[in-house]
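*Asks:* Residue numbers (this note's numbering): 92 to 453. For glycine and all other residues, C-beta sits at the position ideal for the given N, C-alpha and C.
Structure below.
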């Protein structure tokens, strides 16, 4: 499916909208009763999934009709999915996540016995549809904040407080854990956790550190320290290079490293204090990181998109009429879609030229 699906906030809930990713034509829209926290695409079900105060819902990506619902006792504020593992995870938490649950469901095909209950619900169009309720496969409760999750070869890797641990994805049994006292304690600082299948490494970025361990044995591989505060870190498509974005006093810096050894490859300044630019979001594709920026100029605030190569530096930049709030790159790397306050804007990933734009009037 070549669709772009976004969620617009509309008190007290949200409006899900699907557009054709090439032409910007709207395919469907769906209204939710409470505001959704994020959207994920679930390959096995050809569906989009989101969490809210009532639990997790899954809608057909093609039609927008609701497919299944998983109820939770606390609000869902973050979800993760692995197509390879066939597992959907959710973090439910009380105030600031001081009491958190990590919940797991299977996302196997709809005829699987894990979907054990069917009920009737009314959609926004007041049409009765069958809604299957998913069966929980395991649950872990913690008094520490669940900061990040990654999947690899039948395991879930998670940062919980100042601990990184490996959990069996089907049973919830803990396989190993490592205490990492150098991690930042504030839950508001971002944590990035992912696995490197080519070498079997678990990589974590948080605060001023990027660390790596052997996924099976928890052996430490490297610990990169930087003087800035990490905004984002990701792998290039060939899984050979790490790209990190750090914030320094009055500037933003992009750094790349060899993914196996942690050796620095490149470093360049993205935005400095005099330019009145602030990096607000990023998207990664291949060897390139795309950045959405907020730019202040001539007593008005606009947006900008920049493309940076892991080895070559800046490739191109373009401007938008609104600050860029989020970015998404097509799977084939042909275009980048930027969302502002009411504008959905698609540009060529190669040159930055505008392909299409839609004003949602929001």
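What residues match up with residue 376 in a beta bridge as DSSP calls it?
*Replies:* Start at 1 with the first residue of the chain shown, and residue 376 comes out as number 285. Answer is 379.
*Asks:* By a C-beta neighbour count over all protein chains shown, 10 Å radius and 16 as the cutoff for buried, is residue 354 buried or exposed?
*Replies:* By 1-based counting over the chain shown, the position of residue 354 is 263. So residue 354 counts as exposed.
*Asks:* Can you confirm whether the region 339–346 touches the region 265–281 when touching is taken to mean that 3 or more C-beta pairs between the two stretches lie within less than 8 angstroms?
*Replies:* Not touching, per the Cβ criterion.
*Asks:* If distances are taken between C-alpha atoms only, which option among 374, 367, 368 and 304 comes closest to residue 335?
*Replies:* In the chain shown, residue 335 corresponds to position 244, counting from 1. If we check each option's Cα against that of residue 335, 374 comes out closest.
*Asks:* Quick one: does the C-beta of residue 116 sit closer than 7 angstroms to a heavy atom of the ligand FMN?
*Replies:* For the ligand FMN, the structure offers nothing, since it holds no ligand at all.
*Asks:* Among the candidates 295, 167, 97 and 112, whose CA atom is the shortest distance from the CA of residue 314?
*Replies:* Taking the chain shown and counting its residues from 1, the one referred to as residue 314 is at position 223. Comparing Cα positions, the closest option is 295.
*Asks:* CB-CB under 7 angstroms to residue 89, same chain, minus the five flanking residues each way: which ones, in chain order?
*Replies:* Beyond the ends of the chain as shown, which are 92 and 453, falls residue 89; an answer cannot be given.
*Asks:* Throw me the rounded Cβ distance for the residue 62 and residue 271 pair, which I believe falls under 8 angstroms.
*Replies:* Residue 62 cannot be examined here, being either before or after the span of the chain that is shown, 92 to 453.
*Asks:* Cα-Cα, which of 110, 103 and 101 is closest to residue 93?
*Replies:* One-based indexing of the chain shown puts residue 93 at position 2. Of the listed residues, the one whose Cα sits closest to residue 93 is 110.
*Asks:* Going by CA-CA distance only, name the one from 319, 372 and 175 that's closest to residue 288.
*Replies:* By 1-based counting over the chain shown, the position of residue 288 is 197. When only C-alpha atoms are compared, the closest one is 175.
*Asks:* Report the residue from 327, 361, 369 and 290 whose alpha carbon sits nearest the alpha carbon of residue 351.
*Replies:* Counting from 1 along the chain shown, the entry for residue 351 is found at position 260. Taking only the C-alpha atoms, the option nearest residue 351 is 290.
*Asks:* So is residue 367 buried or exposed if we call it buried at 16+ other beta carbons inside 10 Å?
*Replies:* Your numbering for residue 367 matches position 276 in the chain shown. Exposed, since its Cβ has fewer than 16 Cβ neighbours within 10 Å.
*Asks:* In the DSSP output, what is residue 123 paired with across the bridge?
*Replies:* Mapped onto the chain shown, residue 123 falls at position 32. According to DSSP, which records beta bridges pairwise, residue 123 is partnered with 105.
*Asks:* According to DSSP, residue 293 sits in a beta bridge with which residue or residues?
*Replies:* Locating residue 293 in the chain shown gives position 202, counting from the first residue. Looking at the DSSP assignment, residue 293 forms a beta bridge with 286 and 304.
*Asks:* Relative to the C-alpha of residue 235, which candidate in 413, 185, 172 and 422 has its C-alpha closest?
*Replies:* In the chain shown, residue 235 corresponds to position 144, counting from 1. Taking only the C-alpha atoms, the option nearest residue 235 is 185.
*Asks:* Report, in whole angstroms, the separation of the C-beta atoms of residue 249 and residue 193, which I expect to be a contact under 8 angstroms.
*Replies:* Residue 249 sits at position 158 when you count from the first residue of the chain shown. Residue 193 sits at position 102 when you count from the first residue of the chain shown. About 7 angstroms separates the two Cβ atoms, so the contact holds.
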